[in-house]
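**Q** Okay, handing you the structure first.
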Amino acid sequence: MANINRLLSAVEKSQSEIGVVKDRLGDVIKRMDVLQDDLVKNVESTGLAQGGKEHSVTLNSGIVETALDKISQDMSKFKAMVRDAASAQEEKRHQKAALVKRRIGHDDKSRSLFERAGGDRKLEAIVANFYDKAITEPRTRAYFEKNSRKVKHLKQKLQTFLAATLGGPYSYDVTAVKTAHYYLNITDVHFDCVVELFTAAFNEVGIHPAVTEEVGTLLGKTRREVTTGYTVRTEIARRNNERGLEGLYEKLIGDNDDLVPFIERLMDIISLDKRILWAFEDRDIDTIQEGLLYYLTDVLGGPLTYKGKNLSSLHRSLELNDFHFDAFLMDIERALSSLGVDDDTVDEIMVILEPQRTSVLSGQKKRVESSARIVDGKNLLERVGGEMTIEGVVDTLFSALNLDPRVKFFFHLDAARMRQIKIRLTQLLIGACGGPKLYDIARLKPAHFNHNITDYHFDAVCENLRVSCEVMDVSPTFIDELMETVVKLRQEITSGCTIRLEIAHRSIESAGTASLYSQLGKKDGIVVFVDKLFKRLHADQRIAYFFAGAKTDVLKGKLSLYLNQMFGGVDEYTGRDIAQVHSLIQISDFHFDCFIHACALSFKEAGLDQEATDECVVLLEGSRASVINSNRREHDVRKFLTLANKKTVYEILGDEPAVTGLVDRVYEEAILDSRLRSFFEKNKAKIQSIKKKMSQYICGLIGGPVKYDEADLQPVHYAMNITNYHFDSILELFRGCLIAEKVDRPIVRDFLKALQPVRKLVTTGFTLRSELAKRNLEKGRDQLFRKLGESDGIIALIDKLFGVLVADPRVREFFENRKEAKVNAIKKGITTVLVETWGGPKTYQGREIANIHREVGLDDYHFDAFLADLQKALMGGGADEQLIDEVMVTVEPLRQGVLGRKDNDATQLAHKEGVALVERLGGDLNLESVVESLYERCQEDTRIKYFFDKGKAKARQVRIKMYQLLSGLFGGPVQYDMAHLKPAHYSMNIRDYHFDTVLQLAQEVMGSMSLNGDAIDDALQIMNMVRPDITTGCSVRTEMARRQGQVHGHDFLFSSLGGAEGVEGFVHRLFEVIGLDRRVNMFFDSEKVKAMKPSLVDYLTMVLGGPAGYAGRPLEDIHAFLSINDFFFDCFLDDAQKALRDVGLDPETIDCVLVSLDFQRPKVLKHFYEERGFVYA
């Protein structure tokens, strides 16, 4: 900041000097004008004197040179000043950019929040900044304006609290927060203001926005500790006051006749209070004291009646604010305490006086509200779009609330009840926005008093409301105004829960739990209670699956023992730590709220009254943090709401007629596209059949009705030579047609993403066949040469081939009308090339293939026809499938040369219109940023985390290789040898599911950087072209394993493992390996292993082809509530691979077992996939 200020000063100084130079230049110009006039006069006078004859004029050169030197110096100085100013401005710009980069630059989330916030040094600056704001803000000034010693102490406390809260090396007793604030009159208004000021301080000090947001959330969690004291005390005082004020007045005056001693004491204190003394100066103190006497006696239930002016008109001219009113209330508290009035009575008086704040500050309040709420004569409701907009927001809000596990419990109701709540909420918001008051706010507190709605729930609802407004395209300004209005209702909605649970908490602290233990029937009664509770839990479909299965009796026993200890029994709970037990279970606030509700109903059924039930709930609530899975609290409202309200691609495009039309257009283009023509060129009847099947299948893929059986797809395409290149080509046609129809790019991407799972089904056949052929050819092409019958056999094959070629309408034009000698020459040339290609003698000495075919006009369509005819010739000669595949694999690489292609499609795309893609993406630095962010996301995304979860050194190495690879692919410097890509990934189990995830994350990263949309699409298309190199290994091994089972029988794997004994040995070793694997061993603790082993042996025996003896629950039900994701499943497979290797299985059999185990993934992760909308393929 200091550097920027110096730069600004330099710029201002330069600007000032430029102004001076301008003035001086003006003077010089004037002098030059005078000089010019003198010269003209001199010339004219001389001319007259010479009578018009030619003459020479003698000038005073010294004067002219001096003037010109002066002008030159001034101009040089002017230029220097301009350069200095420009340089300063440029430096200032760089400094600002650096500051912005520091503020919103990289946020390393692997570090603690304390470190991310800048540590002690930054926190000290933040606290100082906050405190400066707090002592000038009227809402908080009274609580922070202290003497210097006290201020220093408070700052230290605040810094320690922040550091500890953010995970720094400090300890802070959180329970002390509540104690310290209990008797301060801190309301939600004060608390919200403090959080607001802290947020501003974090921003101004330059902390990353993500850190500031997290800190704001953490501070918000302390609301209850800070405000509960005031909330509960005022409620107790209010209840006491409802019984009548006579007793209050009597307690206040004590042995005195009236309030005069109290008023006098109050005025003495005010006379020493500089904060508000100014308001009493130069005024008649006796009149003020008399007015106070009458007013306070009246409102506190005394015998006098106040008949003076209303408070609003009395105080309007003083321009008081919250600070002054808070100071006045504090002085009243001091006066009361000095007179020996007890705390409860003080609270009752404060409850009566606090509502007068509105009247005393009414002038100031009205001015603020009118300027904020009325604009151009319209209230917020009118400006936001009227009642229909509010109704739309409420509808969207309820959709969001039913998806949010934090508050779902309160809104997961029957349709009639939901409609009723919607109507009331709509009425409430309309009234709050300045519309008709159709809902009485006074009903709000009683309606929510007995619900356990905390600040946590209220904040979650507010977050959902804000996002719902954003989704409805409500202006951010209006949203802010609406939220300001809504947060004022917090106290009415949350105070009931706060008060009830705090009173119950205090009751337990003072009286203990012995009474509860007795009311529940002690140990035996708790057992009965738990038994009835489980019946209720099993009947509740929202949470029944958590308590199902064979371990119900064990759960009952442990819960009984746990509750026995909680409610004061002597028996100690000796089970595992509650947090550890539940850490691996997908329990959300919704589930816990359902459980608490079931417990509350069971407590009442057991005969407990409301107060005793509240005390029990307080005790159970203490376990919430240990039971809830923290990941389930990280709810992305916008993401889930968008998904819930998002139309399917099928609906967006226009249902089945639109898809049919799209398929028609794509098919027409495919027939004209040389890359695809050979696959789509059919007779009319066949074309109509293919189109119909394509339309039906695509409709099902993009969210429409499913009418096509996917099981038919792979067998139909298995023998076709469809590669990833062809599949990408058809996707390209779909993309082009959709864009031509003005379909939005995000929808186009979603459409193409929906088609990606088809890739495996149509390309696996060629991928496997070609890969097996390549393996055979690795032994030497001379073997292929011998299989084909050497030169004589190849010559015979070429003869058959030409017989097919000249009869093929697709290519015969190249042989028709040619002399026999020319055809024989072509045949001889092809024979020589193919003999060499298939491992024979290298005798070809002709021109380059590209030069030979340059003028012929061949394209992919013709080359595909040649391959098809070659295949026919081989089949006609009796060649088996293996030999045919080997021949095809060796001929395919000739395509580039025959067709004269110097660059592949990726290279052409990378240099579209002569500009390298890396430049279109913003240059090399942007590419580095893309790789950095992409790798971070890959490490976080559980679908692919397994492949990127590396140590720092290895992760850095992988990132460098990713950068080098993409640099070359995107038209930059080629730094990675593509020949290494396939071998590096061959043994990894990387499927299209994983590759598509990386592409999705890459798209998100580039989109978040606001890169060019066309460039992003081209980048994704190029990245997609390396898919075969990365996924082929897994595809081939998976398909080989599947074929092994078909060839050797269903029980092949069971037998290979050694039957039942072998499976048991494998499972035993597997559990040993898992026990050493910190990534997953928490799912397999010692108690569970004993029960899991027999079940796993039975299940694996069944899966691997042995006797079907498994009688347990389906995998979907067993794993539904566990916190399992792809990362953990991949780690499990990794451990299984090690265990299989340890028990002596060969690599091929291990692959077969792993493939069988991976087939169980969709069952194990069914709940995980459904919840996130993932499709494993």
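With my numbering applied, the sequence shown has no gaps in its numbers, which climb one by one up to 1189 at the end. Built from N, CA and C at the ideal position, the CB exists for glycine as well. Every value quoted in this text rests on a predicted model; they were computed, and no experiment measured them.
How close, in whole Å, do the beta carbons of R8 and D1163 come, if the pair is a contact with beta carbons under 8 Å?
**A** An answer regarding residue 8 cannot be provided, because it is not within the stretch 13 to 1189 covered by the chain.
**Q** Helix or strand or just coil, what does DSSP make of V353?
**A** Coil, per DSSP.
**Q** Taking L1112 as the reference, give the member of V483, I956 and V1075 with the closest Cα.
**A** V1075
**Q** Using a threshold of 8 Å, state whether the C-beta atoms of L946 and V1017 are closer than that.
**A** yes
**Q** Go through its chain and collect everything with a Cβ distance to L513's Cβ below 6 Å, but skip five positions before and after it.
**A** V630
**Q** Determine the closest residue to K390 out of L879, F490 and E893, with distance taken between C-alpha atoms.
**A** F490
**Q** Decide yes or no for the touch test of the stretch 1137 to 1146 against the stretch 958 to 970: beta carbon pairs closer than 8 Å, at least 3 of them.
**A** yes
**Q** Using three-state DSSP, classify I597 as helix, strand or coil.
**A** strand
**Q** Would a C-beta distance cut-off of 8 Å place H997 and I1042 closer than the cut-off?
**A** yes
**Q** Looking only at its chain, what residues have a beta carbon closer than 6 Å to the beta carbon of K1178, apart from the 5 residues adjacent to it on each side?
**A** Within the same chain, E1128 come within 6 Å of K1178 by CB-CB distance, once the 5 residues on both sides are set aside.
**Q** Measure the Cβ-Cβ separation of F982 and I1028 and say whether it is below 8 Å.
**A** no
**Q** Going by the CB atoms, is the gap between F692 and M732 shorter than 8 Å?
**A** no
**Q** CA-CA distance, M900 and K831?
**A** 29 Å
**Q** Specify the secondary structure class of L575 as computed by DSSP and reduced to three states.
**A** Correct three-state label for L575: helix.
**Q** When the Cα atoms are used, what is the spatial distance from L209 to K434?
**A** Straight-line Cα distance between these residues: approximately 34 Å.
**Q** Please name the residue in A427, L264, V499 and L809 whose C-alpha comes closest to that of I344.
**A** When only C-alpha atoms are compared, the closest one is L264.
**Q** If you follow the alpha helix (DSSP H) that R1090 is in, where does it begin and where does it stop?
**A** Here R1090 belongs to no alpha helix (DSSP H), and DSSP marks it neither H nor E.
**Q** Strictly by DSSP, which residues pair up with K390?
**A** V387
**Q** Residues bridged to L1134 by DSSP?
**A** I597
**Q** Would you mind reading off the limits of the alpha helix (DSSP H) that contains E247?
**A** R235 to E254 is the extent of the alpha helix (DSSP H) around E247.
**Q** Within the continuous alpha helix (DSSP H) that includes N215, where are the two ends?
**A** Looking at the DSSP string, the run of the alpha helix (DSSP H) that includes N215 is D200 to V217.
**Q** Candidates A880, Q908, V986 and P1174: which alpha carbon is nearest V864's?
**A** Checking the sequence, you will find Ile at residue 864 rather than Val. Comparing Cα-Cα distances from I864 to each of A880, Q908, V986 and P1174, the minimum goes to Q908.
**Q** Tell me whether N215 counts as near the ligand GTP, meaning its Cβ is closer than 7 Å to at least one heavy atom of that ligand.
**A** The ligand content of the structure shown is nil, which means the ligand GTP is not present either.
**Q** Could you give the DSSP three-state label for M2: helix, strand or coil?
**A** Missing from the structure shown is residue 2; the chain here goes from 13 to 1189 and no further.
**Q** Suppose the cutoff is 8 Å on Cβ atoms and the five residues either side in sequence are ignored; what does the same chain contact list for S1107 look like?
**A** Y1122 and G1124
**Q** Do you know how far the Cα of V406 is from the Cα of E680?
**A** 47 Å
**Q** Looking at the secondary structure, which residues open and close the alpha helix (DSSP H) in which N938 lies?
**A** D936 to E952
**Q** How would you write the range of the alpha helix (DSSP H) that H1 sits in, first residue to last?
**A** This structure gives no information on residue 1, because the portion of the chain shown stretches from 13 to 1189.
**Q** Taking only three categories from DSSP, how would you classify P727?
**A** Residue state, collapsed to three classes: helix.
**Q** What residue from P367, L231, R771 and K1102 has the CA that sits closest to L178's CA?
**A** L231
**Q** How many angstroms separate the CA atom of I608 from the CA atom of A427?
**A** 23 Å
**Q** Where P669 and K704 are concerned, what is the direct C-alpha to C-alpha distance, given to the nearest angstrom?
**A** 11 Å
**Q** With a threshold of 7 Å on Cβ separation, who are the neighbours of L764 within its own chain once the five nearest residues in sequence on each side are excluded?
**A** L743, F746 and R747
**Q** Assign L425 to buried or exposed, taking buried as 16 or more other Cβ atoms, counted over all protein chains shown, within 10 Å of its Cβ.
**A** exposed
**Q** Are the CB atoms of L373 and C445 within a distance shorter than 8 Å?
**A** no
**Q** Going by DSSP, what residue range makes up the alpha helix (DSSP H) through M1?
**A** There is simply no residue 1 to check, as the chain begins at 13 and stops at 1189 in what is shown.
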